[in-house]
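Okay, so here's the structure we're looking at.
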Amino acid sequence: MFEEISRVADHDESQRRSFLRKVGFVAVNLGAIAVASPARAAKQANGDVDPDVNIMQGALAIEHEGIAAYRLAGASGLLTPGTLKVATIFMGHHQQHRDSLEALIAKAGGSPVKPKSDAQYTQELNLGSLKSEGDVVALAAKLEQGATNAYAGQVAALRNRQLTHLFTQLCADESVHWTTLNNAMAVPIPMKAYLFG
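Going letter by letter, the sequence shown gives residues 141 to 337 in our numbering.
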């Protein structure tokens with residue numbers, strides 16, 4: 141009896157693996173198409189830059205700000221090693237977002253917006269007022285919430301539906317950052333739904 145069950149299980153496992161291999165192959169190919177499509181889609185047939193490029197430029201500016209905030213706050217000496225590690229991970233996410241947006245903007249014929257100077261970010265974000273790790277985490281949570289709201293709104297504004305996948309990924313990453321930071325500050329989970337947008 142156990143041999144029969146084992147033989148059936150092995151057969152089912154073999155079929156499952158074959159199915160998963162096929163699904164994986166299709167997913168890889170669809171992924172390759174999805175990565176290539178947004179850049180092509182951001183250009184109109186007549187060669188003009190699509191208005192979606194302006195939306196990507198706004199997103200790129202948000203990413204530049206996030207990178208600067210984490211870099212400058214991380215260098216402030218206010219963060220404990222554990223918090224600095226998380227801040228460095230989040231900064232890495234923002235750098236990856238930046239790289240994706242810059243590449244798409246350039247492929248669409250645009251010139252990616254450049255980051256502001258450290259002095260400008262320090263003034264605009266009022267970084268001089270940060271006196272504790274709690275201040276830094278609160279500022280980071282505020283910026284991540286703003287980024288999440290921006291991306292949620294920008295998804296609806298995009299004309300090209302192929303770009304919405306990237307923007308939903310950006311929005312999801314920012315919401316994970318916001319949630320992690322709020323958890324670190326022991327901020328209660330909001331009772332109402334529809335937290336962003």
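Where is the CB? At the ideal position from N, CA and C, for every residue including glycine.
#1: Straight-line CA distance for residue 279 to residue 293?
#2: In whole angstroms, give me the CA-to-CA distance for residue 199 and residue 219.
#3: Starting from the C-beta of residue 287, find all residues in its chain whose C-beta is less than 6 Å away, skip the five residues before and the five after it, and write them out in chain order.
#4: Measuring only the C-alpha atoms, how far is residue 241 from residue 330?
#5: Would you identify the three-state DSSP class for residue 251, choosing helix, strand or coil?
#6: Starting from the N-terminal side, write out each stretch of the beta strand (DSSP E) that is 3 residues or longer and does not extend beyond the region 202-270.
#7: Buried or exposed for residue 208, please, with buried defined as at least 16 other CB atoms from any protein chain shown within 10 angstroms of its CB.
#8: Can you give me the C-alpha to C-alpha distance between residue 326 and residue 213, rounded to a whole angstrom?
#9: Any contact of the region 220-233 with the region 305-320, i.e. 3+ C-beta pairs under 8 Å?
#10: State the start and end residues of the unbroken alpha helix (DSSP H) segment that holds residue 275.
#11: Here's the rule I'm using: 16 or more other beta-carbon atoms within 10 Å means buried, otherwise exposed. How should residue 223 be labelled?
#12: Just to confirm before moving on: does the CB-CB distance between residue 310 and residue 334 stay below 7 Å?
#13: Within 10 Å of its beta-carbon, does residue 337 have 16 or more other beta-carbons around it, so buried, or fewer, so exposed?
By the coordinates alone:
#1: By 1-based counting over the sequence shown, the position of residue 279 is 139. By 1-based counting over the sequence shown, the position of residue 293 is 153. Near 21 Å, if we compare the C-alpha coordinates of residue 293 and residue 279.
#2: The residue you call residue 199 lines up with position 59 of the sequence shown. The residue you call residue 219 lines up with position 79 of the sequence shown. In this model, residue 199 and residue 219 are separated by some 27 Å (Cα to Cα).
#3: Counting from 1 along the sequence shown, the entry for residue 287 is found at position 147. Once the five neighbours on either side are set aside, the close Cβ partners of residue 287 are 202, 314.
#4: For this step, residue 241 is matched to residue 101 along the sequence shown. For this step, residue 330 is matched to residue 190 along the sequence shown. As the crow flies, the alpha-carbon of residue 241 is around 31 Å from that of residue 330.
#5: Here residue 251 refers to the residue found at position 111 of the sequence shown. In this structure, residue 251 counts as coil in the three-state DSSP scheme.
#6: Taken in chain order, the region 202-270 contains no complete beta strand (DSSP E) segment of 3 residues or longer.
#7: Position 68 of the sequence shown, counting from 1, holds the residue named residue 208. Buried, by the Cβ-count rule.
#8: As a position in the sequence shown, residue 326 is number 186, starting the count at 1. As a position in the sequence shown, residue 213 is number 73, starting the count at 1. Those two C-alpha atoms are separated by around 21 Å.
#9: Yes: the two stretches touch, three or more of their Cβ pairs being nearer than 8 Å.
#10: Translated into positions along the sequence shown, residue 275 becomes position 135. If you look at residue 275, you'll find it in the alpha helix (DSSP H) that goes 273-297.
#11: Stepping through the sequence shown from its first residue, residue 223 is reached at position 83. By the neighbour-count criterion, in which 16 or more other beta carbons inside 10 Å mark a residue as buried, residue 223 falls on the buried side.
#12: Taking the first residue of the sequence shown as position 1, residue 310 is located at position 170. Taking the first residue of the sequence shown as position 1, residue 334 is located at position 194. No.
#13: For the purposes of this step, residue 337 is taken as the residue at position 197 of the sequence shown. The residue is exposed, with fewer than 16 neighbouring Cβ atoms inside 10 Å.
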